[in-house]
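Protein chains in written order, with this note's numbering: chain A, 314 to 442; chain B, 149 to 426. Using N, Cα and C, we set each Cβ at its ideal position, and we do this for glycine too.
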């Protein structure tokens, strides 16, 4: 058995992570729902075209642009913010696991978790096109 | 069709997808993309964007319930996520470059293969195999609650499993799915991890894998809020219902029924790709 300090064991870590994820999903879901209601109130009668791909507008493609849209109460930007929060939930989970493994002094899993986190941040912060 | 009606219909379809995804541990993505493409005539790239986000919702939303049941193994998951996230980056980079007809065809093929894999059913139940030295060193061996009490299991063939996970991650990024079928295959059949531990750990992993592709999808404009909104809200509710009944459900019948559904959807996708409808 490996040494475990600060009273953290796998079970405790996992259940904390699980609750954290669920809170994240509910919070993002609430933001998506709020944006969605506003969006349907404004554009419920329009006929959207998803058949031909043009790609979303630049205002919905990056974190900064989405925040700018949200500050103008742009309904699509609010939905997009909720989606970004949702994308963040697994990332937060990995960060939380990293801290937990570090507290357990579990060096090999600290390394594994750091690699996963580095890959996620590299992708999300724009390393890959 | 007006936006309001479209949103409501997609929401209902996604709720069913999320429910099935959580029940089988295969994620909602495999149903969401064919639903949007074949039924609603959505471009496959928008469908993949919405699906990828829904995969994260399924995964994160169901995690708390799974953890409480004591099935998932965070160490196995974290180790294998190294392979799935690198694969996802490769897959998403391919997804933004390949023609949609090719992606649609691959998607169909993957669905058919997933269905066949599920139909094979679980292999021999893990017996009293000796512990694998590598698994022991990586502290992967664990226990899980079964009908006959707490059962121990030993993880086998880690390098093969790791390689398969790279492939699963690539498919996830390429197609906007969780590729849970392949993750479960790698853990259940190759690494000899008990089926329920495999499905729940897979569920845990698909969110992290999908997040690795999400940044690329977002920058390429794959994520349409008006479309992703009903998909995500449907899938969240569906997966919550799904995890509530997971422990009580017999996985065998579920797999068989679901296999037929995804096989038919897969053949439809291949047909659509050949006839240029995608």
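- prompt: Of all the options 366(B), 423(B), 240(B) and 299(B), which has the alpha carbon lying nearest to the alpha carbon of residue 398(A)?
  reply: For the purposes of this step, residue 398(A) is identified with residue 85 of the first chain, where counting begins at 1. Here the closest residue by C-alpha is 366(B).
- prompt: DSSP state of residue 292(B), grouped into three classes?
  reply: In the second chain, counting from the first residue as 1, residue 292(B) sits at position 144. Three-state result, residue 292(B): strand.
message: Taking its Cβ as the centre, do 16 or more other Cβ atoms sit within 10 Å of residue 347(B), making it buried, or is it exposed?
response: The residue labelled residue 347(B) in the question sits at position 199 within the second chain. Residue 347(B) counts as buried, since at least 16 other C-beta atoms from the protein chains shown sit within 10 angstroms of its C-beta.
- prompt: Does any heavy atom of the ligand HEM sit closer than 8 Å to the C-beta of residue 324(A)?
  reply: Summarising the ligand content, the structure contains no ligands, and the ligand HEM is consequently not present.
Contact check, residue 432(A) vs residue 234(B), beta carbons under 9 Å: Working through the first chain from its first residue, we reach residue 432(A) at position 119. Working through the second chain from its first residue, we reach residue 234(B) at position 86. Yes, they are a contact pair.
message: How far does the beta strand (DSSP E) with residue 299(B) in it extend, from its first residue to its last?
response: Residue numbering aside, residue 299(B) sits at position 151 when the second chain is read from its first letter. Per DSSP, residue 299(B) belongs to the beta strand (DSSP E) from 297-301.
message: As a quick exercise: from 154(B), 181(B) and 152(B), pick the residue whose alpha carbon is nearest that of residue 166(B).
response: To locate residue 166(B), count along the second chain from 1; it is residue 18. It is 181(B) whose Cα lies nearest to the Cα of residue 166(B).
- request: Over the uninterrupted alpha helix (DSSP H) stretch that includes residue 317(B), give me the two end residues.
  value: Working through the second chain from its first residue, we reach residue 317(B) at position 169. Note, residue 317(B): alpha helix (DSSP H), 306-323.
field: Three CB pairs or more closer than 8 Å across the stretch 369-377 of chain B and the stretch 196-211 of chain B
entry: Two segments are said to touch when three or more pairs of C-beta atoms, one from each, lie closer than 8 Å; by this definition the stretch 369-377 of chain B touches the stretch 196-211 of chain B.
- prompt: Distance, Cα to Cα, residue 371(A) vs residue 369(B)?
  reply: Here residue 371(A) corresponds to residue number 58 of the first chain, with the count starting at 1. Here residue 369(B) corresponds to residue number 221 of the second chain, with the count starting at 1. Spanning the two alpha carbons is a distance of roughly 8 Å.
query: Under the three-state reduction of DSSP, which class applies to residue 422(A): helix, strand or coil?
result: By 1-based counting over the first chain, the position of residue 422(A) is 109. It is helical.
message: Determine, for residue 412(A), whether the minimum Cβ-Cβ distance to residues of chain B falls below 9 Å.
response: Taking the first residue of the first chain as position 1, residue 412(A) is located at position 99. It does not: the Cβ of residue 412(A) has no partner Cβ on chain B nearer than 9 Å.
field: Contact set between residue 191(B) and chain A, taken where Cβ atoms lie within less than 7 Å
entry: Along the second chain, read from residue 1 onward, the residue named residue 191(B) stands at position 43. Within chain A, the residues placing a beta-carbon under 7 Å from that of residue 191(B) are 363, 364, 365 and 366, ordered along the chain.
- request: Consult DSSP for residue 165(B) and reduce its assignment to one of helix, strand or coil.
  value: Numbered from its first residue, the second chain carries residue 165(B) at position 17. The three-state reading of DSSP puts residue 165(B) in helix, counting H, G and I together.
task: State the start and end residues of the unbroken alpha helix (DSSP H) segment that holds residue 223(B).
output: Sequence index remark: in the second chain, residue 223(B) carries index 75 (1-based). In the DSSP annotation of this structure, the continuous segment of the alpha helix (DSSP H) that includes residue 223(B) starts and ends at 222-243.
query: Taking the alpha-carbon positions, what's the residue 220(B) to residue 334(A) distance?
result: Counting from one through the second chain, the residue named residue 220(B) turns up at place 72. Counting from one through the first chain, the residue named residue 334(A) turns up at place 21. Residue 220(B) and residue 334(A): Cα-Cα distance of roughly 14 Å.
- prompt: Just to confirm, are residue 354(A) and residue 395(A) a CB contact at a threshold of 9 Å?
  reply: Within the first chain, the letter at position 41 stands for residue 354(A). Within the first chain, the letter at position 82 stands for residue 395(A). Taking 9 Å as the Cβ cut-off, residue 354(A) and residue 395(A) do not qualify as a contacting pair.
- request: Output, in chain order, the set of chain A residues within a Cβ distance shorter than 9 Å of residue 220(B).
  value: Counting from one through the second chain, the residue named residue 220(B) turns up at place 72. Correct list: 327 and 331.
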